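One structure below.
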Amino acid sequence: MIPENKKKLLEHLRNEVDAIDKKIVELLNKRSEKSVSIGNLKIELQMDLYSPERENFIFNNILTPHQQYISGEALQKIYRVIIDESLAVQKKGYKN
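Numbering (this note's numbering) for the sequence shown: 34 to 129.
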């Protein structure tokens, strides 16, 4: 049987993770909003939406010595999805 104080600690930690998850979603939405603005500007400037240079910059920027628990490989997988989604919302040509 699990002691009551350990159950409370587990619940507290899970609540903290849930709050962090909400913040991550908020930040992803803010990032997507900026991506839409960037996409609209690129279209206006008749630029390609996809920029391999920018993608390389992002990947290099996230792989920092400040990483503690998440491997570089995991971060690249996560950001691959984020970058692909950003490009997808840019291609939709949203106006904001």
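Quick reminder that beta carbons are idealized off the backbone N, C-alpha and C, glycines included.
Predicted model, so just to flag it, every value in this text is computed and none were measured.
With a 10 Å radius around the Cβ and a threshold of 16 neighbouring Cβ atoms, residue 126 comes out exposed. Annotation for residue 96: 105, 108 and 109 place their beta carbon closer than 8 Å to its own, counting only its chain and skipping 5 residues before and after. Counting only runs of 4 or more residues that sit fully inside the segment 76-126, the alpha helix (DSSP H) segments are 85-95 and 105-124, in chain order.
Pairing residue 84 with residue 119 gives a Cβ-Cβ distance that is not under 8 Å. Spatial neighbours of residue 98 in its own chain (CB-CB distance under 6 Å, excluding positions within 5 residues in sequence) are not present. For residue 35, the three-state secondary structure derived from DSSP is coil.
Within the same chain, and ignoring the five residues on either side of residue 65 in sequence, the residues whose Cβ sits closer than 6 Å to its Cβ are 122.
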